[in-house]
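Engineer: Numbering follows the working numbering, with no gaps: position 98 of the sequence shown is 154.
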Amino acid sequence: MSKKTVAPTILVIILVLSVFIYNQGYLDPFLGTGEPEGFPIESEPPLDDDTINIAAFNIQILGVSKREKTEVMDVLAKTIREFDIVLIQEIRDASETTAPIFLDNINSLDGPEYAFIRSERLGRSTSKEAYAYFYNTHTVAYLEGTARVWEDEGDIFEREPYIVGFVAGEFDFTLVGIHVKPDDAVNEIGSLTLVFDAIKAGQDDQDIIALGDFNADGSYYDEDDANQPLMDPMYHWTVSNEVDTMTKTDWTYDRIVMLDSTYANEYVMDSTAVYYFNDVYGLNQTFTEAVSDHFPIFAEFRVDGPDDD
């Protein structure tokens, strides 16, 4: 083989190996870009409607094993498209390739383009989890530079809250995503008041919404205890204690909590609900549990302004 053919041959081999490594999930496709993971789209989206819906969904162990179940992933992708923005919890994948692959699943369906922004992997144990916000780029935009994980100097949280700012129409808001440790639910939920206070003190926008799997029911948390810090009247819990957010039990683990100003101005009263995907897609119990042990929760917010803060 001549020197003229050796170099091109080596380049071809390197290219083929690179594609193989990427497809196998050994490299994070967003590593080293200098951008928040998921390449969030920052342009101002057109306003398609006067409201948006914001959801939280604990997708039980969303990782390599689940993403190989085509029918399950199809239900998940269709479900995400029902919302303008969704906090996803329990992304467990050391290769950190599941979120972008899931985005491809979502965007392979008809409809507007979605994007996502993802946290680092969090947790004290070796079984770490990431959060991600998936959002409709036609209705919601990420506010550049706002994404951060709560600086948990006291090591209060098993998985620190993931804080990200977004804008939709005239409504700019900060989401505080949290997956509470079950055995420490009382302490972690109560400590969310510290997160609210710190965010309020550090920015002009006061539309702050905490959401996620609070494990706020059953033996973990007394949902009727008015002495809990986050039960102060300034905080509004909009998920009714009477609804079931779990696919196997009747517990109300998943919650949405907001401050007075958001509740009075942008929140669409009584709009919070559970999205029972088993009923929507006619799934039996076995298939429902294969999708997740949680149902998504969501609430609607007005975005046609004026902004109240």
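All C-beta atoms, glycine included, are put in the ideal place defined by N, C-alpha and C. Given the structure is predicted, the values throughout are model-derived calculations rather than measurements.
(1) Just to confirm, are asparagine 192 and proline 156 a CB contact at a threshold of 8 Å?
(2) When the Cα atoms are used, what is the spatial distance from aspartate 326 to aspartate 208?
(3) Compute the beta-carbon to beta-carbon distance between aspartate 288 and threonine 301, rounded to the nearest angstrom, for a pair I have assumed lies under 8 Å.
(4) If you drop the 5 nearest sequence neighbours on each side, which residues of the same chain put their C-beta closer than 7 Å to that of valine 359?
(5) Where do the ends of the alpha helix (DSSP H) carrying glutamate 345 lie?
(6) What does isoleucine 265 pair with, by DSSP beta-bridge criteria?
(7) Would alanine 186 and leucine 165 be called neighbours here (beta carbons separated by less than 8 Å)?
(8) Looking only at its chain, what residues have a beta carbon closer than 6 Å to the beta carbon of histidine 292, apart from the 5 residues adjacent to it on each side?
(9) In chain order, which alpha helix (DSSP H) runs of at least 4 residues are fully inside the stretch 291 to 337?
(10) Only counting the same chain, and skipping five residues up and downstream in sequence, which positions put a Cβ closer than 8 Å to that of aspartate 240?
(11) Can proline 285 and threonine 308 be called in contact, C-beta distance under 8 Å?
(12) Grouping DSSP H, G and I as helix and E and B as strand, with all else coil, what is lysine 60?
(13) Which residue marks the beginning of the beta strand (DSSP E) containing glutamate 127, and which one marks its end?
(14) With distances taken between CB atoms, is the gap from leucine 267 to alanine 112 smaller than 8 Å?
(15) Leaving out five residues on either side along the sequence, give the residues of the same chain with a beta carbon under 8 Å from the beta carbon of tyrosine 362.
(16) Between the Cα of isoleucine 147 and those of Ile136, Ser183, Asn163, Ile141, spot the shortest distance and give me the residue it belongs to.
(17) If I follow the unbroken beta strand (DSSP E) through isoleucine 219, where does it start and stop?
(18) The alpha helix (DSSP H) with glutamate 282 in it runs from where to where?
(19) Quick one: what's got a C-beta closer than 6 Å to asparagine 334's C-beta in the same chain, skipping five residues either side?
(20) Using three-state DSSP, classify threonine 249 as helix, strand or coil.
Structural biologist: From the atom records:
(1) Taking 8 Å as the Cβ cut-off, asparagine 192 and proline 156 do not qualify as a contacting pair.
(2) CA-CA distance, aspartate 326 to aspartate 208, rounds to 33 Å.
(3) Distance from aspartate 288 to threonine 301 at the Cβ level is roughly 23 Å; contact not present, criterion being Cβ atoms closer than 8 Å.
(4) Apart from sequence neighbours up to five positions away, the residues of its chain that approach valine 359 with a beta-carbon distance below 7 Å are Leu103, Asp106, Thr107, Ile108, Ala224, Gly225, Glu226, Phe227, ordered along the chain.
(5) Taken as a continuous stretch (DSSP letters only), the alpha helix (DSSP H) holding glutamate 345 covers 341 to 347.
(6) Answer is Leu231, Met314, bridged to isoleucine 265.
(7) Not closer than 8 Å, so no.
(8) Contacts found: Met314, Tyr319.
(9) Counting whole runs of 4 or more residues, the stretch 291 to 337 contains the alpha helix (DSSP H) stretches 316 to 321, 333 to 337.
(10) Exclusion of the five residues before and after aspartate 240 leaves Glu214 as the residues of its chain whose Cβ lies within less than 8 Å of its Cβ.
(11) For proline 285 and threonine 308, no; Cβs fall outside 8 Å.
(12) The predicted model places lysine 60 with a pLDDT of 41, which falls under 50 and marks its position as unreliable, so this point remains unresolved.
(13) If you look at glutamate 127, you'll find it isn't in any beta strand (DSSP E); it sits in the alpha helix (DSSP H) that goes 126 to 136.
(14) Judged by beta-carbon spacing, alanine 112 lies within the 8 Å limit of leucine 267, meaning their Cβ atoms are closer than that value.
(15) One detail in the question is off: residue 362 reads as proline in this sequence, not tyrosine. So the list reads Glu226, once near-sequence residues are dropped.
(16) Closest by alpha carbon: Ser183.
(17) Annotation for isoleucine 219: the continuous beta strand (DSSP E) segment containing it runs 218 to 224.
(18) With the sequence shown as reference, residue 282 is identified as alanine, and glutamate is not the correct amino acid for it. Alanine 282 -> no alpha helix (DSSP H), and no H or E assigned at all.
(19) Closer than 6 Å at the Cβ level, and outside the excluded window around asparagine 334, lie Thr344.
(20) In the structure shown, threonine 249 falls within a helical segment according to DSSP collapsed to helix, strand and coil.
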